[in-house]
Structure formats: C-alpha cells, structure tokens
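J.: Protein sequences appear in the order of chains A and B.
Position one of the first sequence corresponds to residue 12 (this note's numbering), numbered consecutively onward.
Position one of the second sequence corresponds to residue -16 (this note's numbering), numbered consecutively onward.
Ideal Cβ positions, reconstructed from N, Cα and C, are used throughout, including at glycine.
Pasting a structure below so you can have a look.
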Amino acid sequence: MTLDLLILAAADGFSYAGLLFLVSLGLTLIFGVQGILNVAHGSLYAFGGYTAATLAIWATEKQAPTWVLLAALVAAALLVGVVLGGILEIGLLRRVQDKDPVLQLLVTFAAFLIFEDLQRLIWGVSPYSSTEVVSRMGNLDLFGITYTVYQLLLIPAVALAVYLGLLYALRRTRLGKQIVAVTHNREVATALGINAKKIGLITFIAGAFLGALGGAMAAPTTSLVPGVGTDMIVLSFSVVATAGLGQITGAFITALLIGMARSLAVYTAPELEVAVPYLIMVAVLLVRPNGLFTVAQARRI
Amino acid sequence: MLKLQDLTVDLAGTSVLRGVTAIAHVASTVAVVGRNGAGKTTLLRTIMGLAKAKQGRVLFDDEDLLHRPGHHRAELGIGYAPEDRVIFPTLSVEENLRLPCEVQALDTADIDDRLESVLTVVPQLKGMLDRSGSALSGGQGKMVALGRALMIGTRLVLLDEPFQGLAPALARQYGEALVRLRDVRPDLCVIITESNASLLMDIPSQTLTLERGALEAGAPAH
C-alpha cells in the first residue's frame, strides 16, 4: 500500500466517520431517554438524504448560491426530523414505552419496512443524486492527493460542532439537564417536576434530526439508492453497541475508529469491508460486554 | 392540607394499599411506620403520582392530586426524597439541588435564597456543593436528596426511609436537620416513612402505623 493510498483511505475514513457519528449520536440519544433501540432510525437517514437531494436539485435549477444549497441540506434534515420524528414518537414509540423490548424492536422494525417502501414510492428505485454543492466548494491538496473540501472539512466540522454543542447543552442548559435527568431516572425526574413525556418527544425529534442530518450531509457525496438506510442503521448500531448504549463521547471515538477501519479495509482488503465494523464490535463486546465506554456508576449519557 | 381518602393501590395484581385514610396538617411531621413491604414506599409514590391508585383520593388543598400527572407535584410545592436517593451523577451537587427549581423556571435570585435556606437546615451540604453527584457516599446522597426535596418542597415534603442504612453519626445529623427544619420552616408539612420508629426519636408530631397495606389505629398525635 502506497502512502498516497493511505492518505486517501484516511481522508475517506475521516469524512465517513463524521456521517456515522451524526447518525449514531441520534440513535444513542434516543436510546438514552426512551430506552428504545429505534431501527426506523435508518429510514430517517434515508429520508433525510432523499429530501436533501430533492431540495438541492430544485435549488440548483433555480441557480441558487452555494449557501442556499447548504441551508437546503439542514432544512431537509429539520423537516424530516420534526415531521417523521414527531409521527414516529407520538404515533408509535410512546405507545410501546413500557412494553417488552422485543416488541419495541419489532414495532420500530415494522416502521422501518413501511418507510422503506414509502421511500420507493416517492423517489423510485433508480439512483438519485445532486453533487452540485460538493463541486462548488472545490478541492484541496492534502499531501499530494486531491480531496473535496465538502467531505474533508465540512462534514467533520459539522460532526464536531454537533458533538461539542450537544455536550454543552446537556451540561449547561435547562433542557439538557432535564434530558440527563430523564435518562438517568425517569421516575425521579418526574417527581422533580420534569415532564418526561415532553422531554422524550423533544429528544426523539433531536435524535431524528441528527439521523436525517447524516443522510442530508451524505446526499451530495453519493448516489442514493434503496437500501442506504439499511446499511447505515446496521453500521451505526455497531458503533453504538461498541461504544456502549447512551455514550456520547464513546460514540464519537468509536465512529472515528470504525469509520477509519472500514475505509482502510476498502483499500487494502475490499472483501473484508463489510465485515470489519462487526469484527471490531464482536472483539470489543467479548472483552467488555457493556461496550467500551460504559462506566459502571454513571449509567447512560 | 393533605388528605388521603380510602386509598387503594394494586401493584401487579397484588393489593399493596387497602383503603388508607389519613390527614396530614400544615406544620406537622407525620411518621408512617411499618415493616418492609407494608406499603410505605407505595404510599409516597402514589401521592407523587408515580404509582397508580385503583380507588380513593389524594386531596391537596381539596384538589384531587390523582387527576394530575406526576410532574405537576413540584409546582404545587411538593418535594420528594426517594429511598434510593438518585442523585444525578453527571451534575454537581449544587446543580442537583438547583435542578427542580430551574425546571420550574424560578428566577436565579429566588433559587439562591432557597439554596441559602436549605444550607442552614443541612449545613453538611456546604462542603459538597462542587462535588460530582457520582462522588457521594450513600449517607451523603441522603443528605443531598433531603436538600433537593426542600429546594422545591415549600409546602409538603415526602421523605422515604431517610434513616435506612445511615451510619449512626449521619443519622444523628439527619435528625438534627429535621429539627432545624421545624424552626426554619414552621409551616411545612413533612411525611417520613421508617421501619424503625425509634430512629425518629421525638421528631414526629403524629405517627401512623402501616400494616400490610392498611393503617392501624396507631399512637395518637403527640
């Protein structure tokens, strides 16, 4: 493997880790507060991607400036997060809150299948893409290789900003502290005056937004095809499980680890690409069944 | 102030409280004494809206609390210290204390005043304010839970087995805090559950005895 290839793999992995982190963060945040592993999170990613591409194609036709194209990505994620997230939480998850985890898993899986078909109904099965914003933001030279500014700088910057912003919010804001309290103990949080239902809805929408944002940020860099949601939910699940459910900083580090490992595999042993994230997950869980970053005392977030 | 009328609660098909009727007045300390499993914790959880009553009423100022969701207790000035403390580990002790007031969007000056008053009742908290909620011993956790309940509980405070598992020295401090509380907030109504009545010394003004989910004609007031 030449040095060029190594740098290319690292850049790929770095960028992909950013997307993976956004999606995993949404998944782990929702698990923390609701105690539900939301399989339909993959649909939020896919819908975020398709909606962003649709908006971007439309904006490109209208000769919109670059910042409008970027704003369209965020707007798509917000739209999907609020609408689909709201429908999922109020219509479905709230009703299975205290039920058997297996039932919760099946219900979110069913929602995932429905959304998957809905997505084919709306956007069809042929590849869908709008790479305009990536080419407009240009390229940069990195030790002799050329890489897009969008993937190498923008995506990781967004991921980092979301990570730091969320840490700050959970630590310092009134809403964040309430989320922490509900995550830790729903009942006592209620006794202290916190409306756990409302916090659950807000967290779910925030998590759904992050999943959709992952899709929206990914949209300009790939062709969207049916099944993108499946790939992402499985991969982000491996990140969340490896890190330990509800671990935010853990998800950040693990997304980087798995993103990098996966992309190194793409260049060195492509046949292992699909297996690498799960090999890491299995290796970690064999040694630490609760995940890398789970602390015995401070449970979740 | 607080009236329980024919309160009956089933948990998982078993009746835990059977027709409990009782009154707790303003400016009184009511002890609810009973063995483990007698229903003491369930009684407090039902008042807090955390356990569902099958029948009966929980009247607070003549309003039935059972019609209100659990998170409305705090805005009525009802504080609660659960038996297992539950101090949030990622927040500092001071943040834990302030949290219920912040949830109610009280202004900072008001919260500062309340903190001041709580620290006169439980001076042991002064030295712990900056400490992480995860770095507390069980007994210290009980003190913080008491302080947190007092921050928001301006009218009624429910303490679930506060003396359970406390080392003798801490139990004495806790008892002294309850005595000081009487002086600092004479109008407060306090309900304490305990399995060992002798730990409460002469703090309660009234003792109710709970036996297998029903109240016994306990010792009369005073």
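Across which residues does DSSP place A7 of chain B in a beta bridge pair?
T.: Looking at the DSSP assignment, A7 of chain B forms a beta bridge with B:L(-15).
J.: For a contact defined as C-beta to C-beta under 9 Å, what are the partners of I205 of chain A on chain B?
T.: Under the 9 Å cutoff, chain B gives H54, A57, L82, P83, V86.
J.: Using 8 Å as the threshold, is the C-beta distance between I70 of chain B and A128 of chain B below it?
T.: Yes, they are a contact pair.
J.: Quick test of the definition: if touching needs 3 or more C-beta pairs under 8 Å, does the segment 234 to 244 of chain A touch the segment 54 to 72 of chain A?
T.: Output reads yes: the segment 54 to 72 of chain A touches the segment 234 to 244 of chain A.
J.: Tell me the rounded alpha-carbon separation between A83 of chain A and D(-11) of chain B.
T.: Each residue's alpha carbon lies about 60 Å from the other.
J.: How would you list, in chain order, the residues of chain B whose beta-carbon sits under 9 Å from the beta-carbon of N100 of chain A?
T.: At residue 100 of chain A the sequence reads Glu, which differs from the Asn that was named. By Cβ distance, chain B contributes nothing, its closest Cβ being about 18 Å from E100 of chain A, past 9 Å.
J.: Alpha carbons only, please: which of A:V293, A:R299, A:A266, A:G218 is nearest the one belonging to V93 of chain A?
T.: Among A:V293, A:R299, A:A266, A:G218, the Cα nearest to that of V93 of chain A is on A:G218.
J.: Using DSSP bridges, identify the partner residues of S26 of chain A.
T.: Note: S26 of chain A sits in no beta bridge, so no partner.
J.: Beta-carbon within less than 6 Å of N150 of chain A's beta-carbon, same chain only, minus the 5 sequence neighbours each way: which residues are those?
T.: Hits under 6 Å: T157, T159.
J.: With a threshold of 8 Å on Cβ separation, who are the neighbours of V162 of chain B within its own chain once the five nearest residues in sequence on each side are excluded?
T.: Hits under 8 Å: I186.
J.: Classify F154 of chain A: buried if its beta carbon has 16 or more other beta carbons within 10 angstroms, exposed otherwise.
T.: Result: exposed.
J.: Would you say E78 of chain B lies against chain A (beta-carbon separation less than 8 Å)?
T.: With 8 Å as the cut-off, E78 of chain B counts as an interface residue toward chain A.
J.: Please look up how many angstroms separate the CB atoms of R195 of chain B and A(-5) of chain B, rounded, as I've assumed it's under 8 Å.
T.: The pair is not a contact, with the Cβ atoms about 16 Å apart (cut-off 8 Å).
J.: Between the alpha carbons of V41 of chain B and H50 of chain B, how many angstroms are there, rounded?
T.: One C-alpha to the other measures close to 9 Å.
J.: My assumption, with CB atoms under 8 Å, is that G257 of chain A sits in contact with L303 of chain A. Please give the rounded CB distance.
T.: In fact, because the Cβ distance is near 13 Å, the residues do not count as touching under 8 Å.
J.: Short of 6 Å in beta carbon distance, which residues of its chain neighbour L80 of chain A, apart from the five on each side in sequence? Order them along the chain.
T.: Closer than 6 Å at the Cβ level, and outside the excluded window around L80 of chain A, lie A67, A70, V144.
J.: Suppose contacts are defined by Cβ-Cβ distances below 8 Å. Is S274 of chain A in contact with Y27 of chain A by that definition?
T.: Yes, the pair counts as a contact, with Cβ atoms nearer than the cut-off.
J.: Name the chain B residues whose beta carbon is nearer than 7 Å to that of Q189 of chain A?
T.: The answer, in chain order, is V86.
J.: Would you mind stating whether A7 of chain B and P169 of chain B have Cβ atoms separated by less than 8 Å?
T.: In this structure, P169 of chain B does not lie closer than 8 Å to A7 of chain B by Cβ.
J.: Which residue's Cα is closest to the Cα of T176 of chain B: B:K(-14), B:L(-15), B:T25?
T.: For T176 of chain B, the nearest C-alpha among the options comes from B:T25.
J.: For V199 of chain A, decide whether its Cβ has a neighbour in chain B, counting only Cβ atoms nearer than 8 Å.
T.: Yes, its Cβ sits closer than 8 Å to a Cβ of chain B.
J.: CB L141 of chain B to CB I174 of chain B, shorter than 8 Å?
T.: Yes, the pair counts as a contact, with Cβ atoms nearer than the cut-off.
J.: Count the C-beta pairs between the segment 101 to 114 of chain B and the segment 216 to 230 of chain A that are closer than 8 Å, then say yes if the count reaches three, no if not.
T.: No, the segment 101 to 114 of chain B is not in contact with the segment 216 to 230 of chain A.
J.: Take the Cβ of S141 of chain A as the centre, count every other Cβ of all protein chains shown within 10 Å, and call the residue buried at 16 or more, exposed below.
T.: By the 10 Å Cβ count, S141 of chain A comes out buried.
J.: Quick check on L74 of chain B - is its C-beta less than 8 Å from some C-beta in chain A?
T.: Chain A, which has a Cβ nearer than 8 Å to the Cβ of L74 of chain B, makes this yes.
J.: Buried or exposed: where does D109 of chain A fall if 16 or more other Cβ atoms within 10 Å of its Cβ makes it buried?
T.: When all chains shown are included, D109 of chain A counts as exposed.
J.: Could you check which residue in B:M184, B:G136, B:Q147, B:L164 has the C-alpha nearest to that of K23 of chain B?
T.: Looking at the Cα atoms, B:Q147 is the closest of the given residues.
J.: Using a beta-carbon distance below 8 Å, is N196 of chain A in contact with chain B?
T.: Taking Cβ atoms only, chain B reaches closer than 8 Å to N196 of chain A, which makes this a yes.
J.: So which residues of chain B does A192 of chain A contact, with C-beta pairs closer than 7 Å?
T.: What A192 of chain A touches in chain B: F71, L82.
J.: DSSP beta-bridge partners for E199 of chain B?
T.: Partner(s): B:T192.
J.: Which residues does DSSP pair with Q38 of chain B in a beta bridge?
T.: For Q38 of chain B, which the question treats as bridged, DSSP gives the partners B:T(-9).
J.: Taking only beta-carbon atoms, is A(-5) of chain B less than 8 Å away from chain A?
T.: Judged by the 8 Å Cβ criterion, A(-5) of chain B is not in contact with chain A.
J.: Terminal residues of the continuous alpha helix (DSSP H) containing V145 of chain A?
T.: Taken as a continuous stretch (DSSP letters only), the alpha helix (DSSP H) holding V145 of chain A covers 143 to 148.
J.: State the CB to CB distance for the pair A20 of chain A and Y63 of chain B, rounded to an integer number of angstroms; the pair is presumed to be in contact (CB under 8 Å).
T.: Going by Cβ atoms, the distance from A20 of chain A to Y63 of chain B rounds to 55 Å, so no, they are not a contact pair.
J.: How far does the alpha helix (DSSP H) with G222 of chain A in it reach, from first residue to last?
T.: Here the alpha helix (DSSP H) through G222 of chain A covers 207 to 229.
J.: Would you tell me roughly how many angstroms separate the C-alpha atoms of A22 of chain A and L27 of chain B, rounded to the nearest one?
T.: Taking the straight line from one Cα to the other gives about 57 Å.
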